[in-house]
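Just so you know, the sequences run in chain order D, B, Y and F.
Each residue of the first sequence is one higher than the one before, counting from 174 in our numbering.
Each residue of the second sequence is one higher than the one before, counting from 174 in our numbering.
Each residue of the third sequence is one higher than the one before, counting from 33 in our numbering.
Each residue of the fourth sequence is one higher than the one before, counting from 33 in our numbering.
For glycine and all other residues, C-beta sits at the position ideal for the given N, C-alpha and C.
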Amino acid sequence: MSKIKTDIQVALACVKDGDTIMVGGFGLIGAPLTLIDGLTKKDVKDLTIISNNLGESGKGLGILLNQSKIKKGIGSYFTSNRDVGDKYQKGEIELQLLPQGTLAESMRAGGAGIGGYYTKTGVGTQLAESKEEREINGVKYIFEPALTANVAIIRAHKADTLGNLVYYKTAQNFNPVMATAADIVIVEVDEIVQPSELSPEEIVTPHLYVDYIVEAQQVLTRKGVVQN
Amino acid sequence: MSKIKTDIQVALACVKDGDTIMVGGFGLIGAPLTLIDGLTKKDVKDLTIISNNLGESGKGLGILLNQSKIKKGIGSYFTSNRDVGDKYQKGEIELQLLPQGTLAESMRAGGAGIGGYYTKTGVGTQLAESKEEREINGVKYIFEPALTANVAIIRAHKADTLGNLVYYKTAQNFNPVMATAADIVIVEVDEIVQPSELSPEEIVTPHLYVDYIVEAQQVLTRKGVVQN
Amino acid sequence: MNVLDKKAIQHMIAARTAKELTGPCTVNLGIGIPTLVAEYIHDDKVFLHTENGLLGVTDVEEEDIDPNLVNAGKLPVGEAIGASYFNSANSFAMIRGGHIDVAILGVLQVDQTGVIANWAVPGKNIMGVGGAMDLLVGAKKVILAMTHTNKDGSSKILKECTYPITSTRSVDMIITELAVFKVVDQSLRLIELMPGVTIEEVRAKTEADFIAD
Amino acid sequence: MNVLDKKAIQHMIAARTAKELTGPCTVNLGIGIPTLVAEYIHDDKVFLHTENGLLGVTDVEEEDIDPNLVNAGKLPVGEAIGASYFNSANSFAMIRGGHIDVAILGVLQVDQTGVIANWAVPGKNIMGVGGAMDLLVGAKKVILAMTHTNKDGSSKILKECTYPITSTRSVDMIITELAVFKVVDQSLRLIELMPGVTIEEVRAKTEADFIAD
């Protein structure tokens, strides 16, 4: 029973209406472009998307947004896609804005079995208005609950056939954290190699976190996103 | 102003009476044996030691214990050193026993600016008796505060001259986490190399966490601990 | 009980426990009898995790022993193909986050609801807990691999634990040299007798109530 | 104000800001003018951190541009010798844990106690916060590198912020094309006038109260 899937839709078969989906990437960098494209071609709705941003206008997650498949977005920087604001104004999407560090840390907490944690980030600001405040050793913190998801779609550089992952430069970003925080983790990679080809010290995401592996068909290059 | 120190006592000059010190290692594996030896030769008292265990009887931190330099021990497994129990019975040492995962996670929290967090580990047990319980999404958790220290003494495999660190197999254990959670971090290594010799992808502890580097003089081998 | 020496009994328990493991799965082995289980796993999709920082534990030849490559019991181990190393926080994040499929543990006591005690003895100093509590809350399935009785012949499977419990979570299965129990709805169900063992012997050596179909 | 075009003003601010950075130190540069500061750092012990996962940011030649190697503004950057990569959780653990020495930020507004607003404008949708709040609570020292006024000539240094604040923490220093202020005990202290600028000009273009020695 191999983790490797050649059909993107087969890999995405686990995604259901109403699911919460984590989507890796910082803008297009390290985003699972092939799997996002797959989602845009899948008949699914009412998704909650946890991702730093919701793509750009008409690109990546922006397509999914315009297809009205996204019920709610949880992220730190929606400004990169003006359509998000328009949808929000019209009441067509719920948004939860989190500081970028809180977004990352809450997913790490979710992956590590932590129910929630106290951070100084956001204390005294609008983003903390409805959040519990607590003083610990004389310092004010706010409570942030863990974030988890049904499915994470992420991007890595290489996977071995067991599912061990290594990443490429700043295309790492949220991907390793999301790999820990979802029930099912689907990764797209530049290359699938044999287990002996990744050294035990360089593996960032151990295979126990990874359920399905696909080869990237859409790749970010200097010329933009191209078909691989 | 190099981070590299050739004199162990110079590297340990920052350690003061009453300090809280994190000490890496899982038993002797990955323990900073040279720096621990240095502590046993330093005139210092009332230390709080955060370490998985307090060495073995008359070995490593066990020497420091027998020198009565340790006021309090925070760890997960003191059983490896029967002297700890004797001292505790006589009221000569305070102990705080934490589940191993809580020990590691609390230090990570300390290093990451988190004030405290909720874990399921320990709920309903003796170790949770004085701890705040909270239900999150119908699941019981207990509150654990972050752990930080004045100084961490840790063990790595290689350091570059900037202070970037890589570790060796299971000699990693608590060391990378402790590197993040103390005001001053002193590391002992097998080898000091030039920055270009460690690849950006293999570095586990970036140099901003490391203050002083010494070469290991006491090394764990198949024959036990030997002078290097 | 058959006339078996201590070591043979331990191996018998370990061998039976190994049969519960079919890959793909990730398994954490505790100290003692659970560690022996590794010798009886012949499925290369059963991946062994050790909480001191390695996924992909395998056995090691005497000549390849590396003092810095050990399991949670500080015994030398080897590194399987596809193995990876990580720090203690990440290792326990795997455990506590529910990413380990099976934990195989030893215990001091287990009660008839499947709740265990394996970290402290009253009257003695409470000196070590290690990763026991983390594994209990985190592993998807917990199997006990344990001798049925103490040295003095008293049952380790009790109506109620007299030692401090490790977690409020019930284990899933108990494997001893006499029998195999499943814990179903917080009660013990005898599902198998070990070769040559009678149910009367199990009843005689088990303080806890259990259901035998 | 001298007759300088927008770009020249930005570079002037960036160049002055760079003078505040003496190694060894780790510095995070925000988007906009702060990013330009990198061009004026010539101390190889000033290490640049970018929150999307790189310590050791350096400039990159056009022919070496890698689309997967960028800074927090998604601009292409290079990898310095001794650089390292990490995921977002680890990167923000560095920031939030107090391991970044200096953060250089742009703002929409700063008040006379040094509290800033740089993530939201009332009446517009609140759509992006990024790492601003994290840097404010985490960096040991925060320096603003900003134009003194808005396009319409109104002051960005106010008695009180009218936009939502980013943190209750006061920044440490404000550097504009007109002047340099230190924030001492939650009040602004003018410590330097930029070349050719008079204190009268600064007073005219600053709504906030400040102390000039």
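Exposure of residue i, with buried meaning 16 or more beta-carbon neighbours within 10 Å
i      : result
F:L107 : exposed
B:T321 : buried
B:K176 : buried
B:I311 : In the sequence as displayed, the identity of residue 311 of chain B is Gly instead of Ile. It is exposed - the Cβ of B:G311 has fewer than 16 other Cβ atoms within 10 Å.
Y:T194 : exposed
B:T179 : exposed
F:K28  : Residue 28 of chain F lies beyond the residue range present for chain F, which begins at 33 and ends at 245; the question has no answer from this structure.
Y:H74  : exposed
D:K189 : exposed
F:T179 : buried
Y:A29  : Summary: the structure shown does not reach residue 29 of chain Y, with chain Y confined to residues 33 through 245, and so no result is reported for it.
D:R328 : buried
Neighbour flag for residue i against chain F, beta carbons, 8 Å
i      : result
D:L234 : no
D:Y290 : no
D:R307 : no
B:I386 : no
Reduced DSSP secondary structure (H/G/I, E/B, other) of residue i
i      : result
B:E375 : coil
B:I236 : helix
D:N226 : coil
B:R421 : The requested residue 421 of chain B is not part of the displayed model; chain B covers only 174 to 401.
B:I247 : strand
Y:K214 : strand
B:A277 : helix
Y:A46  : helix
B:K178 : coil
Y:T230 : coil
D:D210 : helix
F:I132 : coil
F:T58  : strand
D:K189 : coil
Y:E71  : helix
Y:T238 : coil
B:T343 : helix
B:E370 : helix
Chain D contact for residue i (CB, 8 Å cutoff)
i      : result
B:K293 : yes
Y:V234 : no
B:I402 : The structure shown does not extend to residue 402 of chain B, since chain B is modelled only from 174 to 401, so the question has no answer here.
F:E224 : no
F:G162 : yes
Y:A115 : yes
F:P99  : yes
Unbroken beta strand (DSSP E) run spanning residue i, endpoints
i      : result
B:P318 : 312-318
Y:G110 : 110-117
D:T193 : 193-196
Y:G242 : According to the sequence provided, residue 242 of chain Y is Phe. The question's Gly does not apply to it. Here the beta strand (DSSP E) through Y:F242 covers 242-244.
B:H330 : 322-333
Y:L222 : 219-225
B:E388 : 385-388
Y:E52  : Here Y:E52 belongs to no beta strand (DSSP E), and DSSP marks it neither H nor E.
F:I207 : 205-207
Span of the alpha helix (DSSP H) around residue i
i      : result
D:D259 : 255-262
F:F124 : 120-128
F:I65  : 65-68
D:T353 : 348-354
Cutoff 8 Å: residue i Cβ touching any chain B Cβ
i      : result
Y:F124 : yes
D:E229 : no
D:P318 : yes
F:H43  : no
F:T54  : no
Below-8 Å beta-carbon distance, residue i vs any chain Y residue
i      : result
D:E361 : no
D:T353 : yes
The ligand ADP heavy atom lying under 7 Å from the CB of residue i
i     : result
F:F79 : For the ligand ADP, the structure offers nothing, since it holds no ligand at all.
request  = Pick out the complete beta strand (DSSP E) segments inside the segment 78-107 of chain Y, 3 residues or longer, and give them in chain order.
outcome  = 78-82, 86-90
request  = Starting from the N-terminal side, write out each stretch of the alpha helix (DSSP H) that is 4 residues or longer and does not extend beyond the segment 285-311 of chain D.
outcome  = none
query = Quick one: complete alpha helix (DSSP H) runs, 4+ long, within the segment 143-199 of chain F?
reply = 164-170
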